[in-house]
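Chemist: Let me begin by handing over the structure; questions about it come next.
Chains as they are written, first to last, in the UniProt record's numbering: chain A, 1 to 182; chain B, 1 to 416.
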């Protein structure tokens, strides 16, 4: 990728390019989701200390997806990446009930960010392959998603591991990009 | 005209030259005699005669001394270098990926920029962190020492500001505000009186270091400026832009002198050669171009790469050019012929540089390795392995016996 490629992906993108920010707590499955989107091997994924960027073609768009590490000590740096974001994807580990409050808090703070104001948000209720996973409806309720009124939003249950539900989410992304970009 | 008197002669190893300190009237001045073509087997007597003819300050009384200096330069050039580099230290105090790295002139200190919004100053010999320069509100991307002095550090950030720091104390002297987008390149002028910054806002700015004020805005590009560089004398600056062109500006007036038009893709890199006669540019259009720095006319296109050219540089003497793409290449700046292909990296090469002596080339790649190459033959001399993610930046110290590499894996490595 190199620093120069990062600069190219940083500038305001032409109509056919979409900048997607992938956020969520550590171990939510962001990198697995990113690799699933890029059809890459997902068997050896380690915690992201910085960021990963991949470009994927979908429905006539070039989706530049930025996967940002979610560990607590590096969450204050999420802000480094807000500029020119077209779509926010927020990933939740649906089986990690102990941290629903924490993840809800982080999401609420993101939605308050000026640089992300009005940016459509897709919430992936990930890890539905686990038996203990909470259904998307329960998460939506727990996180009070229905109170989001300043932007379009969607919650989509998925398994980044199996790929189930991922494409449905990305369809929503492309649909909502097209209304914004065109 | 005031009388001129030579005070003393100094050596400059890279590029080879002799510096004359002299007094004119009451003023103390310096000038240099560049010996860019000097080789270990150059006829010293003939060369010194030539120098004497050209330079009135060199009188019969100091000829012996000049001969001695030239011989020292030749010895330096002739030194066999089979230094094997090995890992000395891994520095892990940045908590997010590194951006750029830079040495001071003597190589005693170096700096690293990071996504963690800091720039750190390190002691090269011990690997100890001397200062963490904190205050930016976003990624610290572009960094520089005011070489050859090295007493100041400049940092350019995605927070749209640039800061000037004291190397000694780590205190911030000035914060330069005015750009309306990320600052991604910067450079001190050789006199260390000005700082130039290039931004994604399509402008470059010149700042007065003493006053802490903006001196000029270089307005003319229609897209992001991602590279800039002063010439050796400091009276010209070039800006490379995503608008496919390079601007040549007069530093004194801030006026655009030439626009180098010809590339069919974004510019990735642009540099003057030592004697300020040539400009080399690299582009996403897979080519490099050579231009006359004086007239701004196109001289040659260095084609051959099959992918985007991500970096390009002259050697210290300005006689050869190294280019980075999927592979790296070395060209003769005079004949424009490709001298060597540096093949072996398994992913794109994002940075390339010569060692000061010019016999060795260092490349940094997305394949997580840095490699050393023989500049004449293109043979890979060494693979520096250990980083666990892409290497974004690399640098040689002036002596050429220490290398630093900065990586997306959040670490910086020192190699001896």
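For glycine and all other residues, C-beta sits at the position ideal for the given N, C-alpha and C.
Quick one: does residue 273/B have its CB under 8 Å from some CB of chain A?
Modeler: False, the Cβ-Cβ gap to chain A never drops below 8 Å.
Chemist: With a threshold of 8 Å between beta carbons, is residue 21/A in contact with chain B?
Modeler: Closer than 8 Å: no.
Chemist: Residues of chain B with CB closer than 7 Å to the CB of residue 74/A, please, in chain order.
Modeler: Correct list: 95, 96.
Chemist: Where does residue 162/A sit, in a helix, a strand or coil, going by DSSP?
Modeler: Here residue 162/A sits in coil by DSSP.
Chemist: Would you mind sorting residue 70/A into buried or exposed? The rule is 16 or more other CB atoms within 10 Å of its CB.
Modeler: Its Cβ being crowded by 16 or more others within 10 Å, residue 70/A is buried.
Chemist: Please classify residue 72/B: does DSSP put it in a helix, a strand, or coil?
Modeler: Helix at residue 72/B.
Chemist: From 224/B, 143/B, 294/B, 226/B, pick the residue whose C-alpha is nearest to that of residue 249/B; which is it?
Modeler: Cα-wise, what sits closest to residue 249/B is 294/B.
Chemist: Within the segment 4–92 of chain B, note down every full beta strand (DSSP E) run reaching 3 residues or more, in order along the chain.
Modeler: Complete beta strand (DSSP E) runs here, min 3: 4–12, 17–24, 27–34, 87–91.
Chemist: Under three-state DSSP, which class holds residue 182/A?
Modeler: Summary for residue 182/A: the model assigns pLDDT 47, below 50, so the residue's position carries little reliability; its value from the coordinates is reported in the next sentence. It is coil, neither helix nor strand.
Chemist: Our contact map puts residue 323/B next to residue 305/B with C-beta atoms below 8 Å; I'd like the distance itself, whole angstroms only.
Modeler: About 7 Å separates the two Cβ atoms, so the contact holds.
Chemist: Do you know offhand how far residue 64/B's Cα is from residue 52/B's?
Modeler: Taking the straight line joining both Cα atoms gives about 12 Å.
Chemist: Quick check: the Cα distance between residue 120/A and residue 265/B, rounded to an integer number of angstroms?
Modeler: Cα to Cα, residue 120/A sits roughly 33 Å from residue 265/B.
Chemist: Have a look at residue 382/B and residue 53/A and give me their C-alpha separation to the nearest angstrom.
Modeler: The straight-line gap from Cα to Cα measures roughly 29 Å.
Chemist: Shorter than 8 Å from the beta carbon of residue 142/A to some beta carbon of chain E?
Modeler: The structure shown has no chain E; the protein chains it does contain are A and B.
Chemist: Considering only the alpha carbon of each residue, which of 124/A, 45/A, 103/A, 58/A lies closest to residue 16/A?
Modeler: When only C-alpha atoms are compared, the closest one is 58/A.
Chemist: Return the CA-CA distance between residue 329/B and residue 268/B, expressed in angstroms with no decimal places.
Modeler: Their backbone Cα atoms lie some 16 Å apart in a straight line.
Chemist: Rounding to the nearest angstrom, what Cα-Cα distance links residue 182/A and residue 77/A in this structure?
Modeler: In this prediction, residue 182/A scores a pLDDT of 47, lower than 50, which makes its location untrustworthy; no coordinate-derived value is stated.
Chemist: Using a Cβ-Cβ cutoff of less than 6 Å, which residues in the same chain neighbour residue 130/B once the five nearest sequence positions on both sides are dropped?
Modeler: Excluding residues within five positions, the ones whose Cβ falls inside 6 Å are 121, 123.
Chemist: Which residues of the segment 299–311 of chain B have a Cβ closer than 9 Å to any Cβ of chain A? Give them in chain order.
Modeler: Of all residues in the segment 299–311 of chain B, 308, 310, 311 have a Cβ within less than 9 Å of some Cβ in chain A.
Chemist: Could you spell out where the beta strand (DSSP E) holding residue 8/A opens and where it closes?
Modeler: First-last for residue 8/A: 2–10, but that is the alpha helix (DSSP H), not the beta strand (DSSP E).
Chemist: Let me know the secondary structure DSSP gives residue 104/A once reduced to three states.
Modeler: Of the three classes helix, strand and coil, the one that applies to residue 104/A here is helix, per DSSP.
Chemist: Could you work out which residue in 149/A, 152/A, 156/A is closest to residue 139/A when comparing CA atoms only?
Modeler: Among 149/A, 152/A, 156/A, the Cα nearest to that of residue 139/A belongs to 156/A.
Chemist: State the start and end residues of the unbroken alpha helix (DSSP H) segment that holds residue 138/A.
Modeler: Residue 138/A -> alpha helix (DSSP H) spans 136–142.
Chemist: Are the CB atoms of residue 55/B and residue 19/B nearer to each other than 8 Å?
Modeler: Against a cut-off of 8 Å, the Cβ pair of residue 19/B and residue 55/B comes out as no contact.
Chemist: Cβ atoms of residue 385/B and residue 407/B: under 8 Å apart, would you say?
Modeler: In this structure, residue 385/B does not lie closer than 8 Å to residue 407/B by Cβ.
Chemist: By how many angstroms is the C-alpha of residue 398/B removed from the C-alpha of residue 128/B?
Modeler: Looking at the two C-alpha atoms, the distance is approximately 20 Å.
Chemist: So that I know if they touch, is there some Cβ in chain B lying closer than 8 Å to that of residue 184/A?
Modeler: With chain A represented from 1 up to 182, any question about residue 184/A goes unanswered, as that position is not in the structure.
Chemist: Within 8 Å of any Cβ in chain B, is that where the Cβ of residue 49/A sits?
Modeler: Yes, because at least one Cβ of chain B sits closer than 8 Å to the Cβ of residue 49/A.
Chemist: If you count every other CB in all the chains shown that lies within 10 Å of the CB of residue 40/B, and 16 or more means buried, which is it?
Modeler: The residue in question, residue 40/B, is exposed, as its Cβ has fewer than 16 Cβ neighbours within 10 Å.
Chemist: Just to make sure I have the definition right: I need the residues of chain A whose C-beta is within less than 7 Å of the C-beta of residue 285/B. Which are they?
Modeler: Those within 7 Å of residue 285/B in chain A number zero; the least Cβ separation is about 14 Å.
Chemist: Anything in chain A within Cβ reach of residue 390/B, meaning under 8 Å, just list it in chain order.
Modeler: Chain A residues near residue 390/B: 1, 2.
Chemist: For a test of the three-state rule: what should DSSP assign to residue 200/B, helix, strand or coil?
Modeler: Looking at residue 200/B - three-state DSSP - the assignment turns out to be coil, as it is neither helix nor strand.
Chemist: Opposite residue 17/A in the DSSP bridges: which residues?
Modeler: Residue 17/A is bridged to 62/A.
Chemist: Within 10 Å of its beta-carbon, does residue 149/B have 16 or more other beta-carbons around it, so buried, or fewer, so exposed?
Modeler: So residue 149/B counts as exposed.
Chemist: Consult DSSP for residue 368/B and reduce its assignment to one of helix, strand or coil.
Modeler: Three-state DSSP puts residue 368/B in coil, outside helix and strand.
Chemist: What is the DSSP secondary structure of residue 126/A, counted as helix, strand or coil?
Modeler: Note: residue 126/A maps to strand in three-state DSSP.
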